[in-house]
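Just so we're on the same page, this note's numbering is the position in the sequence shown counted from 1, plus 404. The C-beta atom is built at its ideal place from N, Cα and C for all residues, glycine as well. Below you'll find the structure, written out as structure tokens, and then a few comments.
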Amino acid sequence: MIQKMSVAILIERDDKILLIKRGVPPEKGSWALPGGHVDEGESPRDAAIREAKEEIGETEIEPEPFDINPVEENRVGKRLKCHYFRGTLKEEPHAKDDAAAVGWFTLEQIKTMDIAYYTRFIINRTFEDQL
């Protein structure tokens, strides 16, 4: 079984959550938290910083772990371990590389959107099953 590590960053402002519209598979076209894979030899925190720069153009984010127990899941012969971070932005986000769009959304808006699997899981876990 192949093991992969990924990261996701929850960024909030004015009771809204920053999401990107995925421009590439998996789940292309769905909305997700900024994040992605961890490169070999890279720490999850460094991966979160890199992914924020690649997807939303943020160069000064300081991600802080907010879930000390990464979630592990087996899907299609792959074991995925996802590390979750919280972060604040110093710059206005804009879509870059893997992101087709970015936007700020309330939980009520997110309930009606096509949300990536892990994003829904993280938001439900963080906000006590509000989606």
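CB contact flag (residue i, residue j, <8 Å)
{"i": "His-487", "j": "Pro-448", "result": "yes"}
{"i": "Pro-430", "j": "Ile-460", "result": "no"}
{"i": "Phe-509", "j": "Lys-420", "result": "yes"}
{"i": "Ala-520", "j": "Ser-434", "result": "yes"}
{"i": "Leu-511", "j": "Phe-470", "result": "no"}
Residue nearest to residue i in terms of C-alpha spacing, selected from the options
{"i": "Glu-496", "options": "Asp-502, Gly-507, Ala-503, Arg-490", "result": "Gly-507"}
{"i": "Ile-526", "options": "Val-442, Leu-423, Glu-444", "result": "Leu-423"}
C-alpha gap between residue i and residue j, whole angstroms
{"i": "Lys-500", "j": "Glu-468", "result": "22 Å"}
{"i": "Asn-528", "j": "Lys-515", "result": "11 Å"}
{"i": "Ala-436", "j": "Lys-425", "result": "6 Å"}
{"i": "Lys-408", "j": "Thr-530", "result": "23 Å"}
{"i": "Gln-513", "j": "Asp-418", "result": "14 Å"}
{"i": "Tyr-522", "j": "Glu-416", "result": "17 Å"}
Own chain, CB closer than 7 Å to residue i, minus 5 neighbours either side, in chain order
{"i": "Ile-465", "result": "Ile-453, Ala-456, Gly-491, Leu-493"}
{"i": "Val-442", "result": "Met-409, Ser-410, Val-411, Pro-448, Ala-451"}
8 Å CB neighbourhood of residue i in its chain, flanking five on each side removed
{"i": "Glu-446", "result": "Arg-454"}
Cβ distance (whole Å) where residue i is taken to contact residue j below 8 Å
{"i": "Asp-502", "j": "Val-428", "result": "5 Å"}
Contacting residues, own chain, Cβ-Cβ under 6 Å from residue i (five flanking each side not counted)
{"i": "Ala-505", "result": "Lys-425, Ala-499"}
{"i": "Thr-463", "result": "Lys-457"}
{"i": "Lys-432", "result": "Arg-426"}
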